[in-house]
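Heads up: the structure comes next, in structure tokens.
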Amino acid sequence: MFAALLSSGPAPIDPRPFTDGREPDGFEIVGHAGRVALCAGAGSMRDSLDGRHWLVGRIRLDARDELRARLGAAATASDARLCLLAYARWGEAFTDHLAGDFAFALWDDQRQCLLAVRDRLGVRGLFHTRTADAWLIGDSLDWLAARSATPPALDDYWIADFLVLGVSREFERTIYLDIKRVAPAHLLKIGEGGLSLRRYWRLELAEPLYLRNAEAYHERFRELLSRAVADRLPPGRVGIAMSGGLDSTTLAATAVEVTGDPLRIVAECEHYERLMHIREDHYASLAARHLGIELRIRPADDIAHDPHWRSRGLRPAEPGLGMLNAHNIRRIGREMAAISPVWLDGEGPDNALTLERNAYLGWLRRRRSWVRLSQALLQYASAKGFSGWSQTLARRTGLRHVPELDPFDVLPPWLREDFARELKLSERQQALGLGGDSSHPWHPVAYDSFTSPAWQSYFEDHAFEEALAGFEWRYPFLDLRVLQFMLSVPPVPWGWKKHLIRASMRGRLPRAVLAREKTPLDCYPEIATMRTAGLPSLPENHGVGRFVDPVFLPDLAAPDPDLALALGVHALDGWLAQKRQ
546 MFAALLSSGP APIDPRPFTD GREPDGFEIV GHAGRVALCA GAGSMRDSLD
596 GRHWLVGRIR LDARDELRAR LGAAATASDA RLCLLAYARW GEAFTDHLAG
646 DFAFALWDDQ RQCLLAVRDR LGVRGLFHTR TADAWLIGDS LDWLAARSAT
696 PPALDDYWIA DFLVLGVSRE FERTIYLDIK RVAPAHLLKI GEGGLSLRRY
746 WRLELAEPLY LRNAEAYHER FRELLSRAVA DRLPPGRVGI AMSGGLDSTT
796 LAATAVEVTG DPLRIVAECE HYERLMHIRE DHYASLAARH LGIELRIRPA
846 DDIAHDPHWR SRGLRPAEPG LGMLNAHNIR RIGREMAAIS PVWLDGEGPD
896 NALTLERNAY LGWLRRRRSW VRLSQALLQY ASAKGFSGWS QTLARRTGLR
946 HVPELDPFDV LPPWLREDFA RELKLSERQQ ALGLGGDSSH PWHPVAYDSF
996 TSPAWQSYFE DHAFEEALAG FEWRYPFLDL RVLQFMLSVP PVPWGWKKHL
1046 IRASMRGRLP RAVLAREKTP LDCYPEIATM RTAGLPSLPE NHGVGRFVDP
1096 VFLPDLAAPD PDLALALGVH ALDGWLAQKR Q
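The sequence shown begins at 546 in the numbering used here and counts up by one.
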């Protein structure tokens, strides 16, 4: 973790009240001059430049060799040094030249100005608050909350969103009313004029990307993904969370090509033997044998839920469902950390390569792009093939049931009516939706996904796992070079069952893996476990009474989605109980 302390007046900052022994081991003051003090703990980087600029944070840059060349930096320059050199060269516009996963604070002693920057997608967290005497910035929400002279007030809107949706609908809110997040792609500045926030980047999707032929798309995808994987590889071995699906096996194949050494790659596959029969182990084994990499298959039936979670004392900075299984997450994570300090995650393509056929074809029709429209229709028919059209016919004739997604437009019955009425939650849901922007003309669903705070919650869940286990998650498909390419290719035909990846990986993965349909879980594993072991019950002295009427919580006869959503009530109550201790 790291932190920056800045006096809110002209008086020098005294960091001692803020570093009173409650910090993790190794937390130390690494820069202190007048109004500012920078503190660094385990996992953070620190550097200074010419006695004028200091930096502390968590930083992993993409395309660092290109950035070193532009800055004339030494080949050994760290990512922190590159950020300092970029600031010295370009001033506050240096954020235009940085990409990767980072959150850091930078002090400019000449301008008496503190800057704090969060990466473009929000992989790394960054928070800020103010006490009577100082501004506090850091990547640990717990640390900032502990600096308050009195127990910090809770944010009812954050709690309501968590109970109804599982994530906040707004980037800036936290569980605490007076501690705010720096939103992704934002620069926070504290200087003579006080605090200001500026968005330095936004996701742009203008025209679809039209290349000369199909092979050009394949080559560009493989090239960009190879760069992304290379930028995320640690020295030595790298781990891959590998199901038997297309995305994670593609990461494994790319890592083998980039390293040239299958022995450096180790994959882990969670496999359910009793709860469901989706054969993840079978397809993962096919891919591992084809690539020549080590595969560890972990039976997951008995680690889907920890019935003793309340007594474990394991709590994230904000309520989350991960705390209901934190004991197992920590145990497994430590085993993974012993293998590699870095594990690659395959999320991204399911959202980026969404088949938005009607939106895209309608956009072409409105533009009178008749040649493109005709080509798209022919490509779609070819990519879909006989089996795809058979499925469409079955849907049209009612032979195959296609469940509809829950639109989250109804408040759960166990939410207290007075609480929902006071916060106008129904109106809030209609106004904010999932918090993203669905106005894009030809890729509205995908664009909405990547402008939504839901990704922020995903990264924070993984950050909790990192803190428990001691390794780092990295996301090659969310490298902006790869992500923007996937979002820019025409949804027809490349979004049809992620045709872009399937076609690009021919000959690099087994045919059975490439032909495998998207295979969602048959059930909620934690709910299936609870149906056997019994649902958790709220203690008599529960702390959620202001938000929830426990009488209306679902029982074992309720559908899985209702039970899964209600688990947020238990997570919130357990979090509040530990907070009171």
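Beta carbons are placed, not taken as given, at the ideal position from N, Cα and C, and that holds for glycine.
Could you check which residue in the options has the C-alpha nearest to that of residue i?
i, options, result
"residue 959", "921, 1092, 692", "1092"
"residue 687", "706, 726, 817, 663", "726"
"residue 808", "839, 779, 792", "839"
"residue 836", "1071, 997, 702, 1054", "1054"
"residue 814", "845, 795, 918", "845"
"residue 924", "700, 1038, 899, 1118", "1038"
"residue 1057", "790, 605, 670", "790"
"residue 650", "683, 676, 557", "683"
"residue 1127", "702, 697, 660, 590", "Nothing about residue 1127 can be reported from this structure: the residues present for the chain run from 546 to 1126 only."
"residue 1000", "654, 666, 635", "666"
"residue 714", "1118, 978, 1024", "978"
"residue 677", "551, 926, 1085, 918", "551"
"residue 885", "700, 1100, 673, 1018", "1018"
If you draw a straight line from the alpha carbon of residue i to that of residue j, how long is it in whole angstroms?
i, j, result
"residue 877", "residue 921", "46 Å"
"residue 731", "residue 641", "11 Å"
"residue 520", "residue 1120", "Past the edges of the chain, shown from 546 to 1126, lies residue 520, and the structure says nothing about it."
"residue 1114", "residue 772", "42 Å"
"residue 934", "residue 895", "Bear in mind that a pLDDT of 36 at residue 934, under 50, signals an unreliable position, so the model cannot answer this."
"residue 690", "residue 647", "22 Å"
"residue 652", "residue 718", "25 Å"
"residue 1060", "residue 1041", "13 Å"
"residue 831", "residue 1079", "37 Å"
"residue 553", "residue 704", "30 Å"
"residue 1124", "residue 1083", "16 Å"
"residue 912", "residue 1007", "42 Å"
"residue 607", "residue 1016", "19 Å"
"residue 632", "residue 898", "35 Å"
"residue 1081", "residue 872", "16 Å"
"residue 657", "residue 739", "12 Å"
"residue 1122", "residue 1104", "28 Å"
"residue 940", "residue 1063", "Only weak support is given to the placement of residue 940: the predicted model assigns it a pLDDT of 39, under 50, and the value that follows is read from those uncertain coordinates. Taking the straight line joining both Cα atoms gives about 17 Å."
"residue 745", "residue 692", "29 Å"
"residue 1108", "residue 1102", "9 Å"
"residue 854", "residue 874", "11 Å"
"residue 861", "residue 1009", "6 Å"
"residue 774", "residue 841", "21 Å"
"residue 936", "residue 768", "Unreliable positioning characterises residue 936 in this predicted model, as indicated by a pLDDT of 43, which lies under 50. The coordinate reading is nonetheless provided below. One C-alpha to the other measures close to 33 Å."
Could you name the residues that DSSP lists as bridge partners for residue i?
i, result
"residue 962", "For residue 962, which the question treats as bridged, DSSP gives no partner whatsoever."
"residue 844", "816"
"residue 888", "784, 1018"
"residue 746", "Residue 746 pairs with nothing; no bridge assigned."
"residue 602", "590, 649"
"residue 731", "744"
"residue 969", "Note: residue 969 sits in no beta bridge, so no partner."
"residue 547", "585"
"residue 552", "679"
"residue 739", "736"
"residue 721", "699"
Is the number of C-beta pairs between the region 783–802 and the region 1038–1052 that are closer than 8 Å three or more?
yes
Across the region 742–751 and the region 988–1008, are there enough close Cβ pairs to call them in contact, namely three or more that are closer than 8 Å?
Segments in contact, yes.
Output the residue ranges of the alpha helix (DSSP H) runs that lie fully inside the region 997–1085 and measure 4 residues or longer, sorted by chain position.
999–1014, 1025–1033, 1036–1039, 1044–1049, 1056–1060, 1070–1078
Determine contact between the region 816–825 and the region 1060–1077, defined as no fewer than three beta-carbon pairs at a distance below 8 Å.
yes
Does the region 1028–1043 come close enough to the region 1072–1081 to have 3 or more Cβ pairs within less than 8 Å?
no
Spell out a yes or no on whether the region 779–788 and the region 880–889 are touching, meaning 3 or more CB-CB pairs, one atom from each, closer than 8 Å.
yes
Length at least 3, wholly inside the region 629–714: the beta strand (DSSP E) runs in chain order
645–653, 658–663, 672–675, 679–683
If we count Cβ pairs, one from each stretch, closer than 8 Å, do we get three or more for the region 1097–1115 versus the region 850–869?
yes
May I ask you to verify whether the region 702–719 touches the region 959–968, counting CB pairs closer than 8 Å and requiring at least 3?
yes
Is the region 608–622 close to the region 574–591, with three or more CB pairs under 8 Å?
Not touching, per the Cβ criterion.
Using 8 Å as the threshold, is the region 589–600 in touch with the region 619–627, meaning 3 or more CB pairs across them?
yes
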